[in-house]
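Working notes, beginning with the structure itself.
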Amino acid sequence: MIDHLNYIKEAVIRGNHTEIKALVEKALDAGVDPTALINDALIAAMDIVGREFGEGKIFVPEMLVSAVTMKAGLEVVKMRIVGDENRSRGTVVMATVKGDLHDIGKNLVAMMLEGAGFRVLDLGVDLSVEKLIDQVKSIQPEILGLSALLTTTMPEMQKVIQELQTQGLRDKIKVMVGGAPVDRVFAEKIGADGYGANAAEAVELARRFVAERA
Ligand code: B12
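Numbered by this note's numbering, the letters in the sequence shown go through residues 215 to 428 in order.
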């Protein structure tokens, strides 16, 4: 039997972006579970890439090609799992905070939320507090999801929450935070409503927030 997960993991680690789509399609066609594909192949590969970068074995260009490959693979999975857009459970605005260009985790969270029936508006990366607040005012989402992958950009999350407070918007919106360096303690410290360690936890949180409002 072909070890689909291992092929895909290796393709991401090696940055084989030309073959990734075909590999993922083949795996899904063969009945590989999309969640296992995301967790045990795509995310597992990025963990290894991150470790190798941390150890100085690879550098930014290699990390970037792996990221592009991972994103291409994720797109294929997304096409298969995102369901009917009409059954909206609520609106979520997602963004990576200012100074931070990492978007794979945010995209994954957005995709899983869409799959779970939420309407997701993804504002992208490097979002300033001002821009975020403007968007929250105009979109009026039930939930704001903030992502940060750098220890240096984590404080931006607190700035966003403080500004929501200053502008009298804090009690109108639930804020959830996540990203590799973020944890529950930090989330509580900055006054977020919730922390999710991964996309599945993000969906759980969003469901809970909506249930609490009902
Ligand atoms: C890919 C990558 C890049 C790519 C990003 C491409 C892209 N489009 O995203 C590129 C090459 C651009 C990059 C650049 C840099 N990177 Co980088 N990068 C990574 C790497 C290898 C993987 C990140 C990733 O995608 N992981 C996979 C996803 C699925 O996981 P995730 O993001 O954690 O998301 C999950 C959860 O955290 C959670 N989640 C995420 N967001 C949210 C939001 C909410 C609301 C919730 C509930 C949950 C949630 O759910 C997700 C799904 O399970 C990490 C190492 C690592 N293992 O984290 C380093 C890493 C984050 N990078 C690092 C560094 C240092 C940099 C650079 C400064 C390098 C440089 N010298 O230029 C720059 C910074 C650029 C910038 N201004 O942002 C360091 C950060 C160290 C630190 N302590 O801050 C790391 C940890 C690598 C290392 N070991 O040193 N990077």
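Quick reminder that beta carbons are idealized off the backbone N, C-alpha and C, glycines included.
Original post:
Counting only beta-carbon atoms, is GLU328 nearer than 9 Å to chain B?
Top reply: Here chain B cannot be found, since the structure has a single protein chain.
Subject >> Spatial distance of GLU299 from GLU269 (CA atoms) >> reply: Along the sequence shown, one-based indexing puts residue 299 at 85. Along the sequence shown, one-based indexing puts residue 269 at 55. Note that GLU299 has pLDDT 48, beneath the 50 cutoff, so the model's placement of it is unreliable and the number below is only indicative. Rounded to the nearest angstrom, the two C-alpha atoms are 43 Å apart.
Subject >> Straight-line gap, ALA425 to GLU418 (C-alpha atoms, nearest Å) >> reply: To locate residue 425, count along the sequence shown from 1; it is residue 211. To locate residue 418, count along the sequence shown from 1; it is residue 204. So the two alpha carbons sit approximately 11 Å from each other.
Original post:
In terms of DSSP beta bridges, what is ASP336 paired with?
Top reply: For the purposes of this step, residue 336 is taken as the residue at position 122 of the sequence shown. MET308.
Subject >> beta strand (DSSP E) runs wholly inside the region 337-398, at least 3 long, in chain order >> reply: 357-361, 388-392
Original post:
Can you tell me whether DSSP reads PHE264 as helix, strand or coil?
Top reply: Stepping through the sequence shown from its first residue, residue 264 is reached at position 50. Checking the sequence, you will find Gly at residue 264 rather than Phe. Looking at GLY264 - three-state DSSP - the assignment turns out to be helix.
Original post:
If you count every other CB in all the chains shown that lies within 10 Å of the CB of SER361, and 16 or more means buried, which is it?
Top reply: On the sequence shown, residue 361 is found 147 positions in, with the first residue counted as 1. Buried is the call here.
**OP:** Assign MET371 to buried or exposed, taking buried as 16 or more other Cβ atoms, counted over all protein chains shown, within 10 Å of its Cβ.
**Re:** Within the sequence shown, numbered from 1, the residue matching residue 371 stands at position 157. Answer is buried; the Cβ neighbour count reaches 16.
Subject >> Close beta carbons around LEU219, own chain, < 6 Å, minus the five adjacent residues each side >> reply: Taking the sequence shown and counting its residues from 1, one reaches residue 219 at position 5. Excluding positions up to five away in sequence, the list reads ASP254, ALA255.
**OP:** Alpha carbon to alpha carbon, how far is PRO355 from ASP385? Give it in angstroms, no decimals.
**Re:** On the sequence shown, residue 385 is found 171 positions in, with the first residue counted as 1. On the sequence shown, residue 355 is found 141 positions in, with the first residue counted as 1. Distance between the alpha carbons of ASP385 and PRO355 is about 12 Å.
Subject >> Segments assigned alpha helix (DSSP H), at least 4 residues, entirely inside the region 237-298 >> reply: 258-268, 274-295
**OP:** Verify whether the separation of the beta carbon atoms of GLN349 and VAL307 is less than 9 Å.
**Re:** By 1-based counting over the sequence shown, the position of residue 349 is 135. By 1-based counting over the sequence shown, the position of residue 307 is 93. Cβ atoms of GLN349 and VAL307: closer than 9 Å.
Original post:
THR310 and LEU341 look like a contact to me (Cβ under 8 Å); what is the Cβ gap, rounded to whole Å?
Top reply: Mapped onto the sequence shown, residue 310 falls at position 96. Mapped onto the sequence shown, residue 341 falls at position 127. The pair is a contact, with the Cβ atoms about 7 Å apart (cut-off 8 Å).
Original post:
From ALA416, ALA428, ASN412, pick the residue whose C-alpha is nearest to that of ILE501; which is it?
Top reply: Only positions 215 to 428 of the chain appear in the structure, and residue 501 is not among them; the question remains open.
Subject >> Residue nearest to LYS285 in terms of C-alpha spacing, selected from ALA420, MET260, LYS271 >> reply: Taking the sequence shown and counting its residues from 1, the one referred to as residue 285 is at position 71. It is MET260 whose Cα lies nearest to the Cα of LYS285.
Original post:
At a cut-off of 8 Å, is ALA411 close to ligand 1 when judged by its beta-carbon and the heavy atoms of the ligand?
Top reply: If you number the sequence shown from 1, residue 411 lands on position 197. The answer is yes for ALA411.
Original post:
Quick one: does the C-beta of ALA394 sit closer than 8 Å to a heavy atom of ligand 1?
Top reply: Here residue 394 refers to the residue found at position 180 when the sequence shown is read from its first residue. Indeed, a heavy atom of ligand 1 lies less than 8 Å from the Cβ.
Original post:
Buried or exposed: which applies to VAL399, given that a residue is buried once 16 or more other Cβ atoms fall within 10 Å of its Cβ?
Top reply: Position 185 of the sequence shown, counting from 1, holds the residue named residue 399. Under this definition VAL399 is an exposed residue.
**OP:** Tell me whether LEU419 counts as near ligand 1, meaning its Cβ is closer than 8 Å to at least one heavy atom of that ligand.
**Re:** The residue given as residue 419 occupies position 205 in the sequence shown. Correct: LEU419 has its Cβ closer than 8 Å to ligand 1.
**OP:** Flag this pair as yes or no: are the beta carbons of PHE332 and THR305 separated by less than 9 Å?
**Re:** Taking the sequence shown and counting its residues from 1, the one referred to as residue 332 is at position 118. Taking the sequence shown and counting its residues from 1, the one referred to as residue 305 is at position 91. For PHE332 and THR305, yes; Cβs fall inside 9 Å.
Original post:
With a Cβ-Cβ cutoff of 9 Å, do ALA236 and ILE216 count as a contact?
Top reply: Working through the sequence shown from its first residue, we reach residue 236 at position 22. Working through the sequence shown from its first residue, we reach residue 216 at position 2. Their beta carbons are not under 9 Å apart, which means ALA236 does not touch ILE216 by this criterion.
Original post:
Under a Cβ-count criterion, where at least 16 other Cβ atoms within 10 Å of its own Cβ denotes burial, should SER280 be classed as buried or exposed?
Top reply: Stepping through the sequence shown from its first residue, residue 280 is reached at position 66. Buried, because 16 or more other Cβ atoms sit within 10 Å of the Cβ of SER280.
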